[in-house]
Amino acid sequence: MKSFQILCFSIFFSFSFSIFSQSKEITIKTTKLTENVYMLEGQGGNIGVSVGDDGVLMIDSQFGRLTPKILDAIKQLSDKDITFLGNTHHHGDHTGGNANISKLGTHILAHDNVYKRIKANERQSEDYLPVITFNDKMNIHFNGDTILVFHVENAHTNGDALYYFTESNVLHTGDTYFNGRYPYIDLISGGSVEGYINAIKRTLIVIDDDTKIIPGHGVLSNKKEYLAFLDMMENLRQNVQTEISSGKTEEEIIANESLTKTYDDLDYDCCFISSERIRKIFYTSLKQE
């Protein structure tokens, strides 16, 4: 476990350094999904935005240094205040702008465990904290839509929440979905392979073939691609579990490129998580379950 903790730290350190060096070059891309709902892409987790007569609701805040650019993009959509900011989980690439946004008078909401993890983080001030938390699910009635916010257990973390705009038929998955790439599963923060797969299966019950899906990372998606992601997760679980059951060691499994070759060939190791890292994550999680 110690080696895995070091791996997680090194991943976040290298990622954060890259973010810092590139932030000046980042532009915010806005994609209109419906008359009221938009997707913003910058650096870090994708942002969902609802605009209308009630004001602005945003989902996730990326990094604090990008807040001015994000606010400028939102001002192009609405001149109203940001009433609510919902977080999908506690990671800094989704909550890094919380303090800046909360100072505008915005109410932050998230799962109970997000509050606990941010509260325990000495590097984050009280301004990062959600003021509204929930345990299982809640509804937000805003801009003529009912937004179903629901928790999935021990998936990417132990505090994941998904946001489904029931009238607009738009889903924001947070990091329970990395489109076209291997996911990061934060085992130290309560994530697990089994919980991640169960989260996808639960969410698929809610959506339909026309649902527009904002993934935590990657381009705008749909149910067909979400199902393909589930297939990948289940296939990797089976491949790694078979090796574990046959007595293979952690080192042997991490070194076995055949376990992930199908998806390596599809460039799933393009980004944050390499094929070696995903094999290690699956091994560590499945050995714990």
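Residues in the sequence shown are numbered consecutively from 1, following full-length UniProt numbering. Ideal Cβ placement from N, Cα and C applies to all residues, glycine included.
Here's a check: name, in chain order, each residue in its chain whose Cβ is nearer than 6 Å to the Cβ of residue i, leaving out the five neighbours to either side.
i: G44; result: Q62, F63 and D93
i: C271; result: R181
i: I281; result: I185
i: L230; result: I200
Mapping DSSP to helix, strand and coil, what is residue i?
i: L266; result: coil
i: E41; result: strand
i: T106; result: coil
i: P130; result: coil
i: V56; result: strand
i: Y184; result: coil
i: residue 295; result: As displayed, the chain neither begins before 1 nor continues past 289, which places residue 295 out of reach and without an answer.
i: K248; result: coil
i: N135; result: coil
i: H94; result: helix
Do the CB positions of residue i and residue j come within less than 7 Å of each other?
i: T133; j: H89; result: no
i: Y263; j: M232; result: yes
i: I108; j: N98; result: yes
i: A155; j: H111; result: no
i: G86; j: I47; result: no
i: I278; j: Y177; result: no
i: V114; j: S78; result: no
i: V240; j: Y268; result: no
i: I82; j: T67; result: no
i: E153; j: G195; result: yes
i: V149; j: M138; result: yes
Going along the chain, which residues of its own chain have a beta-carbon closer than 7 Å to the beta-carbon of residue i, five neighbours each way excluded?
i: E126; result: none
i: S285; result: I185, L187, S192 and V193
i: T260; result: L236, S275, I278 and R279
i: T31; result: Y38, M39 and L220
i: A73; result: I28, T30 and L40
The beta strand (DSSP E) spanning residue i covers which residue range?
i: D160; result: D160 to F165
i: G48; result: I47 to G52
i: D145; result: D145 to V152
i: residue 304; result: Residue 304 is absent from the structure shown; the chain starts at 1 and stops at 289.
i: T211; result: Note, T211: premise wrong, no beta strand (DSSP E); not H, not E.
What are the boundary residues of the alpha helix (DSSP H) that residue i is part of?
i: T242; result: K223 to S245
i: D287; result: Before going further, note that residue 287 is Lys rather than Asp in the sequence given. First-last of the alpha helix (DSSP H) with K287: S275 to Q288.
i: V219; result: Run containing V219: none; DSSP gives neither H nor E here.
i: G86; result: Careful: G86 lies outside any alpha helix (DSSP H), inside the beta strand (DSSP E) at I82 to G86.
i: K69; result: T67 to K75
i: H89; result: H89 -> no alpha helix (DSSP H), and no H or E assigned at all.
Can you tell me whether residue i sits near the ligand FMN, meaning its C-beta is under 6 Å from at least one heavy atom of the ligand?
i: S246; result: The ligand FMN is absent from the structure shown, which contains no ligands of any kind.
Counting pairs of Cβ atoms below 8 Å between the segment 206-214 and the segment 244-253, do you hit three or more? no
Using 8 Å as the cut-off, can you tell me whether the segment 34-43 makes contact with the segment 165-174, which would need three or more C-beta pairs spanning the two stretches below that distance? yes
Could you tell me whether the segment 144-154 touches the segment 115-122, where touching means 3 or more Cβ pairs closer than 8 Å? no
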